[in-house]
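There are 2 protein chains.
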Amino acid sequence: MYSQNPSQDGPSGRLTLPIQTGLDDRVRELLDRLGADAVRNSDGTELPELVNELAVKVYQTYFVGRGDQAWADAHPEQRTRIYLMSERTPALAEGPLEIDLMARWFDQQVRPDSDCDIARWWQVIDRSLDKPLPAEAWELLEDGHTVRVLEPVPGHVYTVDFLAEQVWDPTQMYNYLTNGWQDDPTRIKESPYDVRHPQTWQHVREALAQWLADHPRVDVVRFTTFFYHFTLVYGPDAKERFVDWFGYSASVSVEAMEAFEQEMGYPLTAEDFVDEGYYNSPFRIPSKAFKDWIAFQHRFVTDRVAQLVEQVHAEGKEAMMFLGDNWIGTEPYGPLFERTGLDAVVGSVGSAATCRMISDIPGVKYTEGRLLPYFFPDVFHPGGDPVAEANSSWLAARRAIVRSPLDRIGYGGYLSLALEHPDFVERMEQIVEEFRALHERSGGTRPQTAGFRVGILNSWGKLRSWQTHMVAHALWYRQAYSYLGVLEALAGLPFDVDFLSFDDLADGVPEGIGVLVNVGSLGCAFSGGPAWEDPRLCATVRRFVADGGGLLGIGDPSGWPMGGTTFQLADVLGVDREMGWGLSTNRPLPPVAPHFITADLDGSLDVGEGTANIVCLDPKAEVLDSHQGSVRAAAHRYGNGAAVYLAGLPYSHQNSRLLHRALYWAAGREQDFGQWLAEDPRVEVAHYPQGDLLVMNNAQEPVETTVHLGDGSPWKVTLPPGGLEWLRAAPGQTDQGRPQ
Amino acid sequence: MYSQNPSQDGPSGRLTLPIQTGLDDRVRELLDRLGADAVRNSDGTELPELVNELAVKVYQTYFVGRGDQAWADAHPEQRTRIYLMSERTPALAEGPLEIDLMARWFDQQVRPDSDCDIARWWQVIDRSLDKPLPAEAWELLEDGHTVRVLEPVPGHVYTVDFLAEQVWDPTQMYNYLTNGWQDDPTRIKESPYDVRHPQTWQHVREALAQWLADHPRVDVVRFTTFFYHFTLVYGPDAKERFVDWFGYSASVSVEAMEAFEQEMGYPLTAEDFVDEGYYNSPFRIPSKAFKDWIAFQHRFVTDRVAQLVEQVHAEGKEAMMFLGDNWIGTEPYGPLFERTGLDAVVGSVGSAATCRMISDIPGVKYTEGRLLPYFFPDVFHPGGDPVAEANSSWLAARRAIVRSPLDRIGYGGYLSLALEHPDFVERMEQIVEEFRALHERSGGTRPQTAGFRVGILNSWGKLRSWQTHMVAHALWYRQAYSYLGVLEALAGLPFDVDFLSFDDLADGVPEGIGVLVNVGSLGCAFSGGPAWEDPRLCATVRRFVADGGGLLGIGDPSGWPMGGTTFQLADVLGVDREMGWGLSTNRPLPPVAPHFITADLDGSLDVGEGTANIVCLDPKAEVLDSHQGSVRAAAHRYGNGAAVYLAGLPYSHQNSRLLHRALYWAAGREQDFGQWLAEDPRVEVAHYPQGDLLVMNNAQEPVETTVHLGDGSPWKVTLPPGGLEWLRAAPGQTDQGRPQ
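These protein sequence lines map, in sequence, to chains S and V. Residues in the first sequence are numbered consecutively from 1, following my numbering. Residues in the second sequence are numbered consecutively from 741, following my numbering.
Written as structure tokens, this is what we have:
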């Protein structure tokens, strides 16, 4: 059985490997070589008998809300539901208008739920008037998927918000379709069921109890995951049509909505979820109803999770949550997450930001990052280069791990595939050693950070810590990457970061914040949109900066065209976005001047998609970069403080350094910059309280650079591609480290 | 004296030349050579004695609202006024806030007018609350240009809207500063005065009467211009700070505003003019007050102009208006312009669109275009290339002249300079001949147009015919050229164009319109912004298209993010603009397919600044061009009609052809395209009702192409750079012309 206090500082441990049947000798050898102290199965693999002999922890995946198809089929009314919208359909002539609800959805995944009171739970909306029709004005045809609007206004556009039954669990559907399981007669299509129904809840608890009893060798129950899947719906072509990794659309049921009304005192409508077809994407300004729903489901989900965790603990096992899949409502940064009693969270590490999203979760005993690449045939095939992916993934994750250590790392997939790539196994060994050394050398401490905190200010605040500007996990989106880069850079920079909502500024900027950061595109939840209509918010930030604070705006900071400016804090930023109404005013672009912030820039600034038409409002603003007449970076002193504007900041070594400098400059701390710093932006330095110094080359080429120590003295280092070096402080010294 | 019916069809005439003293023989020779039938003075030149001998019409400039400095100085209270706004000034600490009104304005040009009741006519506005302060809450300091806000809210931003006296006429200031007249002791700085004051009006009438009496040889009084200058204000650096060629800010006076209140029944405020600092730029959605003010001043100005014109006519002379400078309120496309009785309008031709702006003016006896280049030293110097400028200017103007003939052309500046460039004189001679031939060959008819009308739909409609997307006359603006290109192309294409306001669609799309065009950036008056909140407007356009009409949208057509789409007619266009909230929906970009619209495109489509993040909403939309995942051109059938989307359309030969095709396709008339058309887009064809054909090479290189005649038969032509060729129809034939 699992030991409560496994050694976490020795030369082994902290590593989870996937294992499978038929490779016993090689598994033994590899576990030994890599010092793995835990093993797991993967989707589609079973744990071998071997685990009974191994002196390691055993993880096994467990599905709460799907997998028992007999139950799902016996209780179709207890399957999970989802809110969907039909296509926007114009009425082009007189007479009834028919709308096929399923025209753009996948009928094997979802099916209109007409067993509920559709007059109450569905809505037909005249989008031209932004008004729902009375129930008498439309009818559902017998086919169950066509709505007839009886007397539409010609020229108006109509939609149907409808509740649908989820026939097929999205993740299982994805695996099934991706892996071609239709040819495998042992595979079925799994339907999810909803623990909101007391019967299903009872069944889930009993099933878990039985499973726990049946799996004595399992140490860690790896919940994959709980009750509600993030929103993932396919189109009729069986391809992804809508994805929102934070979406709550699939967490609905009549029972839950009725409970909500009872608890919150007001009723919900279909449109509260459908949200004009945006389905409350986190980029949308969150409505009160949606925020209330999140809180409501967070209460429910964490309460139910806590009960499952109790069952697990009662069997002497640990409960681990996979961050993803059916994770909706758990809200790892929500107020009740700690109460679940979960021991651990494991998640896939696709970047530094997603790594911090896992490693910063408060209230769990440990976190585990599943590194890339998965041992899947897409990378592990003859001619594939898994080492390259391992390198880029590790270099991205390592920056975050240094600042906020994951407790463990692991891999997933088919071990057999990895074993066919000895060079990859070798690289994996180095990575694991590096990871362990970080723990060993840091001795449980974190590297020092700037003497001021950085506050990311948006509509979501803490709830979406390290989760901003993401549609789906670590996927690249053209309209997001130029903002996500800020998070990615911060995830590995020596700053303490707070995620603040606009409400958090109601009584002023929280103590300790040196620089507020507002980043995002116009009108989205991350820049804030109408939040900036509140004069108190603007006044709070203005006074904060005027009193010596800093503001860093990226994209459309405080953007909400109103009262003569696009950026409501244009006076603070010194620049504004020209929407096209102010062309009559001549606002000459000052020449670009050298500046502290851009001092390490080699070549031109990359602002990604950028934000065009940025004009200089205050001639005293210093333009740091411009392109085709538009400001791309500016610095502006304001009262006793300062503001920095950037048109975008995709992640790169250079941009990370630029952000580092911008934050110091905005905080009025530029004189403190340059200690514990490498001249080359590809190299980052972590300085630990006990005096140790870690110097990391984030680049995949060798770098020779000079590191400036605490007293400013230079230390020349040469680092191999992706290499790192430790500089040990002499005993008793904290700031006087010298090369060994 | 001037003959009422000068020959306008002969080998001479239709030409006005600037003349000056000291060149009598050469003037005679040149007038003869070029066949000029009118002469004029220019700014800063006097007409020579010679004019008394010449058998030509004589124009002389006349200034109504400035020039009599003794009068201006004696009646400072009757000088024209202007509304200005101070800088946006934040209150960063407790205690009074002082705002220097003149911090960013030129004190030699404007001066705060504190003689009026400033409590009534000035406004101090808390821009954070969007509310004016009561008059007790602020005071004007003794210096006359500093306002003290007594108890500002810390963190709020304040502005002062103030009435200012116009000390210096903007055009005279421009000439003075540009030409260095400060070194010329004979020059004074001229102040404008306002005929709204009965005394000044009386004086202006008397002065004109005297001037008419003093200038018997003048045939045409060239008013330059009337009463109110377009908005042009300099900054403290004596450089242009604000310019709006359509601006009414400098048409205000306490007397006028009081008269407005009496007439319209509601009071105006300073903010009605200051408009958050945008000063009612034509890109802004026009407010009711501003539209009422335009109508009010249009009534006043046209009434007063009519009286001056009567005086001119009474002396047997013609009255000509220069379109520009103090032209505000005349509104050549306004309902009362014809009532002025003006004989002619003359304006500078900087492009095809500005040419049409002049030549299309209804209700005058003739129009005259002043061609470029001016005979000024910036072009006419040793080594200068006036021929190149003459060529590009003429080729741009010629396209418009062919479609809607100017009656006359002319030149301006110093004839002595032109005479030093014999190659230019030669080119001028060719141009003048070409111009006369257009009149002669067309016999007063216009070339045939498509069988459907094109309706440009925006907030302004007819009032801003050919005047959209312009800040200052024909100047290039990065945020405008990609839309202005549509007008520039249309100005020379065979379409009848109507300028429609949204109100004009109240009872449906006017009869005869084949395609509606909505072009502009998001939220501006030209795309329409909140106009699209009106479901009736959207329904009208939807039904128009569904019934077989066409819609062409460029930039952000019907753009106003609301109810689930950015473009309110996204269903019609088949595409939408993704603001950043809808990233969760996968909208695959179809591959670009060949299409009728892009058939003549050689290489990639140039959409100028374009509009990014355009997604395909309807999979049935045909994508004609895309870039970095964004649609740049699309075609979409809708009901019995069709819509075309373009991300931008800067003017070029190719884009003009693309527009030509797009309009035919949207109108469902593609089968009629290709008659009277050259295969090469650089060549345009005008087909006259009597059968004559004009084939023009718009390019500055030779072009060999095939022209398709009315029966589809090909005609190979080779045209020299900028060349044209006429194809005369055989007598009685209209569609059977063959090369001579």
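Beta carbons are placed, not taken as given, at the ideal position from N, Cα and C, and that holds for glycine.
When the Cα atoms are used, what is the spatial distance from residue i to residue j?
| i | j | result |
| --- | --- | --- |
| V:P1250 | V:Q950 | 49 Å |
| V:T971 | V:W985 | 6 Å |
| S:Y366 | S:G341 | 12 Å |
| S:G410 | S:L372 | 9 Å |
| S:H421 | S:L17 | 16 Å |
| V:G753 | V:A795 | 11 Å |
| V:E882 | S:F544 | 33 Å |
| S:A642 | S:S128 | 45 Å |
| S:F322 | S:L724 | 30 Å |
| S:S626 | S:P619 | 15 Å |
| V:E1482 | S:R632 | The structure shown has nothing for residue 1482 of chain V, since chain V only spans 741 to 1480. |
| S:H439 | S:G722 | 18 Å |
| S:Y83 | S:A400 | 37 Å |
| V:Y988 | V:G805 | 16 Å |
| S:E139 | V:G1268 | 36 Å |
| S:L522 | V:V1045 | 47 Å |
State the beta-bridge partners of residue i as determined by DSSP.
| i | result |
| --- | --- |
| S:W715 | S:V707 |
| V:P830 | V:V897 |
| V:M1302 | V:T1305 |
| S:R79 | S:Y193 |
| S:H627 | S:S630 |
| S:G550 | S:V515, S:A642 |
| V:C1356 | V:V1315 |
| S:A499 | Before going further, note that residue 499 of chain S is Phe rather than Ala in the sequence given. Its beta-bridge partners are S:I456. |
| V:K871 | V:D866 |
If you drop the 5 nearest sequence neighbours on each side, which residues of the same chain put their C-beta closer than 8 Å to that of residue i?
| i | result |
| --- | --- |
| S:P535 | none |
| V:Q849 | Q906, V907, W908, P910, M913, V973, Y974 |
Can you check which of these residues, the options, is closest to residue i by C-alpha distance?
| i | options | result |
| --- | --- | --- |
| S:R427 | S:Y645, S:W560, S:R33, S:L23 | S:R33 |
| V:V1545 | V:P894, V:T899, V:G895 | In this structure chain V extends from 741 to 1480, so residue 1545 of chain V is not present and cannot be described. |
| S:R370 | S:F435, S:P557, S:G155 | S:F435 |
| S:W105 | S:E49, S:E165, S:E136 | S:E165 |
| S:E622 | S:D73, S:A635, S:Q675, S:F273 | S:A635 |
| S:Y651 | S:E488, S:Y688, S:M321, S:P132 | S:E488 |
| S:G451 | S:G529, S:D672, S:R637, S:A612 | S:D672 |
| S:W460 | S:F502, S:S442, S:V486, S:Q479 | S:F502 |
| S:L573 | S:G563, S:S584, S:M579, S:G555 | S:G555 |
| V:K1202 | V:V1085, V:L1245, V:L1277, V:P892 | V:L1245 |
| V:S782 | V:V798, V:R768, V:L770 | V:V798 |
Mind reading off the beta-carbon distance from residue i to residue j? Whole number of angstroms is fine, and I expect it under 8 Å.
| i | j | result |
| --- | --- | --- |
| V:V1237 | V:V1194 | 5 Å |
| V:G1500 | S:T540 | Residue coverage of chain V in this structure runs from 741 to 1480, which leaves residue 1500 of chain V outside it and unanswerable. |
Cutting at 7 Å between CB atoms, please list the residues of its own chain near residue i, excluding the five before and the five after it.
| i | result |
| --- | --- |
| S:E116 | According to the sequence shown, residue 116 of chain S is Cys rather than Glu. Excluding positions up to five away in sequence, the list reads L163, V254. |
| V:K1156 | Strictly speaking, residue 1156 of chain V in this sequence is Ser, with Lys absent from that position. Taken in chain order, the residues that qualify are Q760, L763. |
| S:D208 | The sequence shown places Leu at residue 208 of chain S, not Asp. Excluding sequence neighbours, S:L208 sits near L308, Q311. |
| S:F223 | Y62, V64, A319, M320, M321, F322 |
| V:H969 | D909, P910, T911, P932, A990, D1065, N1066, I1068 |
With a threshold of 6 Å on Cβ separation, who are the neighbours of residue i within its own chain once the five nearest residues in sequence on each side are excluded?
| i | result |
| --- | --- |
| V:R1327 | V1355, C1356 |
| S:R196 | S253, E255, A256 |
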